[in-house]
Amino acid sequence: MKKLLSTLLLVVAIFAATTAQAQIKFGVKGGLNVTDMSLSADVIDKSNQTGFFIGPTVKFTLPLVGLGIDAAALYDQRDAELNDEKISQKSINIPVNLRYNIGLGSLAGIYVAAGPQFGFNVGDKDFGWGSAEYKNTFQMKKSNFSINLGAGLSLLKHLEIGFTYNIACGNTGEVSVWNVAKGAAELVKGNKTNAWQVSAAYYF
Numbered sequence: 545m546k547k548l549l550s551t552l553l554l555v556v557a558i559f560a561a562t563t564a565q566a567q568i569k570f571g572v573k574g575g576l577n578v579t580d581m582s583l584s585a586d587v588i589d590k591s592n593q594t595g596f597f598i599g600p601t602v603k604f605t606l607p608l609v610g611l612g613i614d615a616a617a618l619y620d621q622r623d624a625e626l627n628d629e630k631i632s633q634k635s636i637n638i639p640v641n642l643r644y645n646i647g648l649g650s651l652a653g654i655y656v657a658a659g660p661q662f663g664f665n666v667g668d669k670d671f672g673w674g675s676a677e678y679k680n681t682f683q684m685k686k687s688n689f690s691i692n693l694g695a696g697l698s699l700l701k702h703l704e705i706g707f708t709y710n711i712a713c714g715n716t717g718e719v720s721v722w723n724v725a726k727g728a729a730e731l732v733k734g735n736k737t738n739a740w741q742v743s744a745a746y747y748f
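Residue numbering for the sequence shown follows my numbering, beginning at 545 and increasing consecutively.
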């Protein structure tokens, strides 16, 4: 019993000491994304669309164990063309990642990160193209959920360069395409926007 109590007290003491040394840093993050926007229809199938994101970020690091958490609130814009009509997906994305840091000395380090991302549409929701009689529509969802998998390099304790693959969980929108032969609009499902992202963050 005494050994168990001593072990618990030691664990609590180590945790308290580690938490006391934890670092919280605020910064700014931005970058580019390359999106695979698949709409499951040959006439409007698009891939490798580019976009950008920018916004404030924060990271919480436990230096003794290398674990940490980072989060951000990013304005994200992704553009695509559907039959020569441009659409822009504008959203506020909130990624929350668990990360593991490996120090390579005082000047550099590497990290791996993974976690959920919550997105909220702040731009136009409905887009249309075609004639007034045979009009196709693309409706974006108000919110979406995705998963981030990434890694990166930390430099000079302030700068981070990262690479992330963002995996969409579920559809980000619905497309209705007018079928002239059948005289009716058909709902085309399967719209997802997975993306590769390259980012740079500066922490103060």
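Backbone N, C-alpha and C fix where the C-beta goes; we use that ideal spot for every residue, glycine too.
In this text, all values refer to a predicted model and were calculated from it rather than measured experimentally.
- According to the Cβ coordinates, are SER657 and ASN692 closer than 8 Å? Going by the sequence as given, residue 657 is Ala instead of Ser. Contact: yes.
- Item | Beta-carbon proximity of ASN645 to GLY612, cut-off 8 Å | The answer is yes: Cβ separation under 8 Å.
- Query: Opposite ASP668 in the DSSP bridges: which residues?
  - Reply: Per DSSP, ASP668 has no beta bridge partner at all.
- Give the range of the beta strand (DSSP E) segment to which LEU699 is assigned. That run of the beta strand (DSSP E) goes 687-699.
- Query: Where does the unbroken beta strand (DSSP E) through PHE604 begin, and where does it stop?
  - Reply: Taken as a continuous stretch (DSSP letters only), the beta strand (DSSP E) holding PHE604 covers 593-606.
- Quick one, are the C-beta atoms of LYS573 and SER743 less than 8 Å apart? A Cβ-Cβ contact shorter than 8 Å links LYS573 with SER743.
- Task: Answer yes or no: does any C-beta atom of chain D fall closer than 8 Å to that of TYR747?
- Result: Structure shown: chain D not included; a single protein chain is present.
- LEU618, DSSP secondary structure in three states: In this structure, LEU618 counts as strand in the three-state DSSP scheme.
- Message: Based on DSSP bridge pairs, tell me the residues matched to GLY575.
- Response: Per DSSP, PHE597, SER743.
- Query: So, VAL578 versus TRP740, is the Cβ gap smaller than 8 Å?
  - Reply: Contact flag set, yes.
- Could you check if SER690 is buried or exposed, using at least 16 other CB atoms within 10 Å of its CB as the buried criterion? Answer is buried; the Cβ neighbour count reaches 16.
- Check whether PHE748 and GLY571 have beta carbons under 8 Å apart: Going by C-beta atoms, PHE748 is nearer than 8 Å to GLY571.
- If we ignore side chains and look at the alpha-carbon of each, how far apart do GLN621 and LEU648 end up? As the crow flies, the alpha-carbon of GLN621 is around 35 Å from that of LEU648.
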